[in-house]
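Participant:
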Amino acid sequence: MKFHVLTLFPEAFSGPMQHSMLGRAQERGLISIQLTDIRDHAHDAHNTADDYQFGGGFGMVMKPEPIFEAVEDVLSSRSQEERRDIPVILMSPQGETLDQEMVEELAHEGELVLICGHYAGVDERVREHLITREVSIGDYVLTGGELAAMVLIDAVSRFIDGVVGSQENVLEDSITCGLLQHPLYTRPADFREFSVPEILRSGHHAEIERWRRLQSLRITLEKRPDLLSTADLTLNDLAFLQSLGWPPPESPE
Ligand code: 6GU
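In the numbering used here, the protein residues as written are 417 to 669.
Here it is, written out as structure tokens:
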């Protein structure tokens, strides 16, 4: 998977993307992150990438030409057909909210172009005539799209074969399967007066699996009951949830 990142702050990526799993994934060639400084595509001696708003108002706006030209440069070796297939994503708080389903869908692409917005925003012509998609990472406003792009890259990379230990684990992940994760324990079995649940030390794999499933259901009901309506639930799951009072009785209108 190739990520092309267009940003005014390429240095912002040097720390977070170079460590742990993503660092290793890049060394092994499983993913690559190509950084383009939008300012390198500015036209004047000062490398101006932003300007005042037409109509007045507070805050600078990212100019269209450097962004268009940076994208064209990144895709210059591709044919027209190839270009059509490469998503060009604007990272902005106005976009569709990234979720695990979108992450998985994006992981099927071979290549992504990510544009990091900044300041008050980008010239609307970028949105209208350059990008194919606009993505936000949640309902809050960041100072720029860089952290959001890193979040997207991290989440998408987990779906690339070999990046995380086993794809099986990724697919069984909390959220991917529609439920939150069961509790995890490691040694020591007895820490202060807190012990690891006996069942996990019993060696009964089927029972452990059953226990974990019920814990996932219990925790999801407690923390994110909204997830239950779309989760894949068995009859056993439903019976267990019903014993915990789910679904709640309909509230009167
Ligand atoms: Cl993609 N950009 C900015 N600036 N703020 C955000 C965001 C993106 N997603 C959530 N908040």
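All residues carry an ideal CB built from backbone N, CA and C; glycine is no exception. All values reported here derive from a predicted model rather than from experimental measurement.
Using three-state DSSP, classify Asp539 as helix, strand or coil.
Facilitator: Asp539: coil per DSSP, three-state reduction.
Participant: Look at the alpha carbon of Arg549 and the alpha carbon of Val542, and state the distance between them as a whole number of angstroms.
Facilitator: C-alpha separation (whole angstroms): 11 Å.
Participant: Output the boundary residues of the beta strand (DSSP E) element that contains Met507.
Facilitator: Start and end: 504-513.
Participant: Roughly how far, in whole angstroms, is the beta-carbon of Leu596 from the beta-carbon of Ser632, given that I think they are within contact range, below 8 Å?
Facilitator: That belief holds up - the Cβ atoms of Leu596 and Ser632 are roughly 6 Å apart, short of 8 Å.
Participant: Give me the Cβ distance between Ser582 and Ala441, rounded to the nearest whole Å; I'm assuming they're in contact under 8 Å.
Facilitator: That pair is no contact at about 14 Å.
Participant: Check whether the Cβ atoms of Phe429 and Glu625 sit closer than 9 Å, and answer yes or no.
Facilitator: Contact flag unset, no.
Participant: May I ask whether a heavy atom of the ligand 6GU can be found less than 8 Å away from the beta carbon of Pro509?
Facilitator: Yes; taking the cut-off as 8 Å, the Cβ of Pro509 has a heavy atom of the ligand 6GU nearer than that.
Participant: Figure out for me which residue from Glu623, Leu506, Gly661 has the closest Cα to the Cα of Glu638.
Facilitator: Selected option, being the one with the closest Cα: Gly661.
Participant: Using a 10 Å radius around the Cβ and a threshold of 16 neighbouring Cβ atoms, would you call Leu568 buried or exposed?
Facilitator: Buried, by the Cβ-count rule.
Participant: Would you call the segment 497-515 and the segment 469-478 in contact, with 3 or more CB pairs under 8 Å?
Facilitator: Touching, no, given that fewer than three Cβ pairs across the two stretches are closer than 8 Å.
Participant: Under 9 Å between the Cβ atoms of Arg455 and Pro482?
Facilitator: Contact: yes.
Participant: If we ignore side chains and look at the alpha-carbon of each, how far apart do Tyr556 and His620 end up?
Facilitator: So the two alpha carbons sit approximately 45 Å from each other.
Participant: His420 lies in the beta strand (DSSP E); which residues open and close that run?
Facilitator: Counting along the chain, the beta strand (DSSP E) containing His420 begins and ends at 418-423.
Participant: Any heavy atom of the ligand 6GU closer than 8 Å to the beta-carbon of Thr592?
Facilitator: Thr592 Cβ: outside cutoff for every heavy atom of the ligand 6GU.
Participant: Are Cys593 and Phe425 closer than 9 Å when you measure CB to CB?
Facilitator: Contact: no.
Participant: Rounded to whole angstroms, how far is the Cβ of Val421 from the Cβ of Ala565, which I believe are closer than 8 Å?
Facilitator: Sure, about 6 Å apart at Cβ, within 8 Å.
Participant: Taking buried to mean at least 16 other C-beta atoms within 10 Å of its own C-beta, is Ser436 buried or exposed?
Facilitator: Its Cβ having fewer than 16 others within 10 Å, Ser436 is exposed.
Participant: Assign His534 to buried or exposed, taking buried as 16 or more other Cβ atoms, counted over all protein chains shown, within 10 Å of its Cβ.
Facilitator: It counts as buried.
Participant: So, at 6 Å on beta carbons, what are the nonlocal neighbours of Ala458 in its own chain, with the 5 sequence-adjacent residues on each side left out?
Facilitator: For Ala458, where only same-chain residues beyond five positions count, the Cβ hits under 6 Å are Thr464, Ala465, Pro482.
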